[in-house]
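Under this note's numbering, the first residue of the sequence shown is numbered 2, with each subsequent residue one higher. Glycine included, C-beta positions come from ideal geometry on N, C-alpha and C.
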Amino acid sequence: MALPSASLARRCFIAGNWKMNKTVADSLTLVRELRNAISQVRDRVEVAIAPPFTALHPVARALEDSNIALAGQNCHASDSGAFTGEIAAPMLKELGCSYVILGHSERRQFFGETDAGVNRKTAAVLKAGMLPIICVGETLEEREGGKTLSVVETQVKGCLQGFAAAEGAKFVIAYEPVWAIGTGKVATTRQAQEVHAHIRALLTGIWNADTAQQIRIQYGGSVKPDNAAELLAQTDIDGALVGGASLKAADFSAIVKAKG
Ligand code: 13P
């Protein structure tokens with residue numbers, strides 16, 4: 002039986018990954034501007050921001066009574082312990098985070114993050130009462146070698162292994178082609194939709210069609226106000242994970258409002 006148009010059922014989710022940017026003072030200025038800019042966007046779009054750890058507490062307070070959720074950019078797989086420099090999932094939950102970005106390509110590239118590690122961190126995030134935004138995506142070399150779909154398949158299967166469908170339905174997957182991050186090179190809508198559809202088929206195989214239809218798959222990689230609407234109009238693109246453009250209230254709010 003044909004499934005109903007999935008994009009109608011899934012609420013668009015736009016998240017801003019601030020990466021290692023913004024002092025506390027700068028963060029509070031940006032949050033103030035953002036609150037004003039997107040106060041009218043209530044039900045149609047879900048919005049989250051992921052400031053650096055140092056700004057989470059003040060930003061959480063500044064977001065009170067707003068329609069913007071808070072996300073961490075990473076966490077450790079253990080709840081506590083001798084892991085100098087790390088942050089545990091319950092600590093993020095305590096500060097008001099609802100989501101944690103896991104397996105970002107910058108963490109994979111510069112900090113040795115693996116699919117198995119993301120899998121363990123996903124369990125920690127769920128245990129703490131938050132939801133993961135799990136990032137996958139191929140490098141330029143992998144794309145040019147025709148390996149995009151198999152690379153993404155390995156990442157999705159490795160990161161999601163062992164979770165029940167009921168948990169999986171709440172996950173967010175972010176497809177971020179590494180070659181499109183911070184480069185200004187956005188994937189074409191056809192390239193992005195092809196991988197998103199492939200990911201949804203993988204999710205159907207891992208769990209079932211019903212669960213796969215509930216999971217939101219964000220696109221990330223040079224999303225800007227002028228390309229967001231076209232990307233978000235694709236059947237299997239349910240939102241965006243925005244880097245550079247999330248650092249400016251005008252750009253981020255324009256992306257939030259791009260979903261027609
Ligand atoms: P840019 O939007 O700066 O390309 O970054 C994307 C990203 O990495 C979001 O996590």
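Bridge partners of residue 136 according to DSSP: 175. Nearest to residue 210 by alpha-carbon distance, out of 218, 201 and 172, is 201. Secondary structure note for residue 48: its beta strand (DSSP E) is the uninterrupted segment 46-51.
Taking 7 Å as the cut-off, one finds at least one heavy atom of the ligand 13P near enough to the beta carbon of residue 246. A contact is defined here as three or more CB-CB pairs under 8 Å, and the region 64-74 meets this definition with respect to the region 93-108. Less than 8 Å divides the Cβ of residue 222 from the Cβ of residue 182. The C-beta separation of residue 218 from residue 237 comes to about 6 Å, placing the pair in contact by the 8 Å criterion. The three-state secondary structure of residue 118, taken from DSSP, is helix. By the Cβ-count criterion, residue 55 is exposed, with fewer than 16 other Cβ atoms from all chains shown falling within 10 Å of its own Cβ. Residue 224 has its alpha-carbon roughly 8 Å from the corresponding atom of residue 185.
In the three-state reduction of the DSSP assignment, residue 163 falls in the coil class. Residue 94 and residue 133 have their C-alpha atoms some 12 Å from each other. Beyond the five residues adjoining it in sequence on each side, residue 141 comes within less than 6 Å, by CB distance, of 180 in the same chain, given in chain order.
Comparing C-alpha distances from residue 233 to each of 260, 24 and 104 shows the shortest one belongs to 260. Separation of residue 199 and residue 150 (C-alpha to C-alpha, rounded to the nearest whole angstrom) is 7 Å. In the displayed model, residue 207 falls within a helix according to three-state DSSP. Here residue 232 carries a helix assignment [DSSP, helix/strand/coil]. Per DSSP, the unbroken alpha helix (DSSP H) holding residue 37 starts and ends at 25-39. In this structure, residue 248 and residue 22 form a Cβ contact; the two beta carbons are roughly 6 Å apart against a cut-off of 8 Å. Cβ neighbours of residue 52 within its own chain (closer than 7 Å, five residues either side excluded): 19, 23, 28 and 60. With a threshold of 16 other beta carbon atoms within 10 Å, residue 45 falls short and is exposed. Bridge pairing for residue 89: 77 [DSSP].
With respect to the C-alpha of residue 240, the residue from 176, 76, 26 and 192 having the closest C-alpha is 176.
Straight across, the Cα-Cα distance linking residue 230 with residue 220 is about 12 Å. Not a single heavy atom of the ligand 13P lies less than 7 Å from the C-beta of residue 99. According to DSSP, residue 14 shares a beta bridge with 47 and 240. The criterion of a C-beta distance shorter than 8 Å is satisfied by residue 257 and residue 39. Counting C-beta pairs with one atom in each stretch, the region 119-134 and the region 156-172 have three or more that are closer than 8 Å, which means they touch.
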